[in-house]
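In our numbering, the protein residues as written are 1 to 263. C-beta atoms are modelled at their ideal positions from N, C-alpha and C, and glycine is treated no differently. On a predicted model such as this, the values are computed, not experimentally measured, just so you know.
What follows is the structure in structure tokens.
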């Protein structure tokens with residue numbers, strides 16, 4: 001994601017953006033499964049995906065998280081009991097609910113189109129498509145995230161920051177959002193803010209390799225050699241074989257040479 005030298009920084013931006021896009025695409029796979037068709041006054045069956053909660057299901061089907069208890073009760077469960085991934089639950093739909101569901105179906109179709117455009121590196125077109133999806137359903141959070149990633153690929157980090165800051169406030173423990181925000185702060189030269197986000201990622205997930213790599217690079221940029229050496233070592237303790245590890249060793253060797261081998 002980041003490098004000490006400008007020409008290397010551009011190469012790493014491309015690599016990290018591709019990696020980030022791959023993560024986005026893989027993490028959104030289940031999102032491509034659209035809600036089942038429904039008519040007013042009907043009950044539909046929904047298979048619970050990993051990570052779904054009563055609140056998220058209520059948001060997806062009703063556009064209203066406060067109705068989570070209604071769905072849980074309908075299925076003979078309490079709001080404090082988590083729905084089991086892979087299980088089928090029944091969701092009653094009124095006329096307004098079916099209308100919302102149809103609108104969300106159209107929005108998800110556009111969202112999927114945006115993902116396809118992004119995978120083809122047609123980032124400007126993808127952004128426009130994500131915007132159209134969000135106009136129909138502003139609750140598709142991953143459309144906002146993917147939009148930010150597209151802005152990053154276009155080098156428009158100021159716009160990415162505006163989106164990612166909102167996402168991070170709403171999801172303070174989401175490591176993908178935090179890392180992406182740190183990434184944009186780095187490319188804007190806002191190193192202390194980038195450091196803060198990478199640190200936050202590592203507090204949540206200590207073995208997050210990209211955050212370790214990024215943090216070590218920030219320390220180098222700021223001339224904090226001892227911290228950089230320590231962080232490169234932490235990285236190499238977890239990854240000793242990849243292309244990134246080879247680069248980490250080069251950075252570590254250079255820093256140790258500059259310090260006279262004192263570290």
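Straight across, the Cα-Cα distance linking residue 99 with residue 47 is about 21 Å.
Residue 231 counts as buried, since no fewer than 16 other beta carbons sit within 10 angstroms of its beta carbon. Taking the C-beta atoms as reference points, residue 152 is found nearer than 8 Å to residue 183. Per DSSP, residue 88 lies in no alpha helix (DSSP H) segment; the continuous beta strand (DSSP E) that holds it begins and ends at 88-92. Bounds of any alpha helix (DSSP H) do not take in residue 46; it lies within the beta strand (DSSP E) bounded by 43-47. By the 16-neighbour rule on beta-carbons within 10 angstroms, residue 43 is exposed. Under the three-state reduction of DSSP, residue 251 is assigned to helix. Taking C-beta atoms as the reference points, residue 228 and residue 202 fail to come closer than 8 Å. For residue 57, the enclosing alpha helix (DSSP H) covers residues 54-62. Closest option to residue 252, judged by alpha-carbon separation, among 241, 235, 242: 235. In terms of CA proximity to residue 146, 111 leads the group 212, 173, 104, 111. In the DSSP assignment, residue 208 falls outside any alpha helix (DSSP H), carrying neither H nor E. DSSP places residue 129 in the helix class (H, G or I) of the three-state scheme. Between the segment 212-228 and the segment 237-253, the count of Cβ pairs shorter than 8 Å is three or higher; the stretches touch.
Assigned with DSSP and collapsed to three states, residue 176 falls in helix. Per DSSP, reduced to three states, the secondary structure at residue 188 is coil, with no helix or strand assignment.
Residue environment analysis places residue 186 among the buried positions, since at least 16 neighbouring C-beta atoms fall within 10 angstroms of its C-beta. For residue 56, same chain residues with a beta-carbon under 8 Å away, outside a window of 5 residues either side, are 65 in chain order. Around the CB of residue 124, fewer than 16 other CB atoms lie within 10 Å, so the residue is classed as exposed. Each residue's CA atom was taken as its position, placing residue 131 and residue 118 some 13 Å apart. In the structure shown, the three-state DSSP call for residue 242 is coil. Collapsing the DSSP output to three states places residue 103 in a helix. Straight-line measurement puts the Cα of residue 205 at about 15 Å from the Cα of residue 180. Taking all protein chains in view, the Cβ of residue 78 is surrounded by fewer than 16 other Cβ atoms within 10 Å, so the residue is classified as exposed. DSSP places residue 138 in the coil class of the three-state scheme, outside both helix and strand.
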